[in-house]
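Trainee:
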Amino acid sequence: MKHFFSIILMAISVATFAQIKTFNADVNTTSIAWTGKKIGLENKGLIKLKSGYFGVKNGAIEFGKFIIDMNSMTCTNISDADKCSRLINHLKNDDFFSVEKFATAELHITKVEPISNAAKGQPNYTFHGNLKIKGKTNPIQFPALVEVNGNTLKGNAKFSIDRTKWGVNFNSGTVFSILAEKAISDNIDFEVAVNANLK
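Okay, so the sequence shown: first residue is 231 according to my numbering, each after it adds one.
(1) State whether the segment 364-380 contacts the segment 402-411, with contact taken as three or more CB pairs (one from each stretch) at a distance under 8 Å.
(2) Apart from the five residues just before and just after Phe235, which ones in its own chain have a Cβ nearer than 8 Å to its Cβ?
(3) So what does DSSP say about Asn417, is it helix, strand or coil?
(4) Assign Ser415 to buried or exposed, taking buried as 16 or more other Cβ atoms, counted over all protein chains shown, within 10 Å of its Cβ.
(5) Would you mind working out which of Ser315, Gly385, Trp396 and Asp324 sits nearest Leu375, comparing C-alpha positions?
(6) If I follow the unbroken alpha helix (DSSP H) through Asp312, where does it start and stop?
(7) Quick check: what's the CA-CA separation for Asp310 versus Thr260?
(8) Look at the Cβ atom of Asn258, then the Cβ atom of Asn427, and state whether they are nearer than 8 Å.
(9) Going by C-alpha distance, which of Ile297, Asn307 and Asn323 is nearest Lys278?
(10) Give every residue of the same chain whose Cβ lies closer than 6 Å to the Cβ of Gly266, excluding the five residues on either side of it in the sequence, and list them in chain order.
(11) Just checking, does the segment 298-306 make contact with the segment 320-330 on the three C-beta pairs under 8 Å criterion?
(12) Using a Cβ distance threshold of 8 Å, determine whether the segment 390-400 contacts the segment 358-369, with at least three qualifying pairs required.
(13) Compute the Euclidean distance between the alpha carbons of Phe357 and Ile269, then round it to the nearest angstrom.
(14) Determine the direct distance from the alpha carbon of Ala290 to that of Phe247, and round the result to whole angstroms.
This is the structure in structure tokens:
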């Protein structure tokens, strides 16, 4: 009987250890920076996370979900307030992200692969998931550096998306026949730093 109870206690301990832990993103300290480019010009800005979390099991990332507030877009490289406002209003209208209709974007991390022998400070996971923008969902994958330390989690990633896959086609040189100097790059670059805490 004593042996039986020992087995039960061990099973409970293993099950408890293997539970998924939720780390909620701190939206106030998480940073999402964007960069858009054309010949001779690039614009930069920030966009805020509305909510998000990682699921962690045995110290390893299992999945995640993040909702981005499209209305929070700002520009950081234009000091003239009027020019900055015009840029952001253009990005929010139907030429680009139709923010009045699609107020949020969503990233679902559905599969996570550890990167073998990752050097310290370099990406240690490959994230696979689905990114929803303007109501359209496409698969996405990118490398990320994630460090779990007790009740805190820090994640950093750099990646690019081809905006035309989400129907953001304004002045795309691959969608329209336009002069090269007027074309805006299809790629949007992102640099993300997530701070999260155990729920």
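The C-beta atom is built at its ideal place from N, Cα and C for all residues, glycine as well.
Mentor: Quick look at the numbers:
(1) Touching, no.
(2) Residue placement at Phe235 is flagged as unreliable, the pLDDT there being 48, under the threshold of 50; the coordinate-derived value follows with that caveat. Cβ within range, chain order: n/a, list empty.
(3) Here Asn417 sits in strand by DSSP.
(4) Classification of Ser415: buried, given that the 10 Å Cβ count is 16 or more.
(5) Residue Gly385 holds the alpha-carbon nearest to the alpha-carbon of Leu375 among Ser315, Gly385, Trp396 and Asp324.
(6) Boundaries of the alpha helix (DSSP H) around Asp312: Ala311 to Lys322.
(7) Near 26 Å, if we compare the C-alpha coordinates of Thr260 and Asp310.
(8) Asn258 is not a Cβ neighbour of Asn427, given a cutoff of 8 Å.
(9) Among Ile297, Asn307 and Asn323, the Cα nearest to that of Lys278 is on Ile297.
(10) Closer than 6 Å at Cβ, skipping near neighbours: Asn273 and Ile418.
(11) When C-beta atoms of the segment 298-306 are compared with those of the segment 320-330, three or more pairs fall below 8 Å, so the two segments count as touching.
(12) Between the segment 390-400 and the segment 358-369 there are three or more C-beta pairs closer than 8 Å, enough to call the two in contact.
(13) Cα to Cα, Phe357 sits roughly 31 Å from Ile269.
(14) Here Phe247 scores only 46 on pLDDT, less than 50, and its place in the model should not be relied on; the value that follows carries that caveat. Straight-line Cα distance between these residues: approximately 12 Å.
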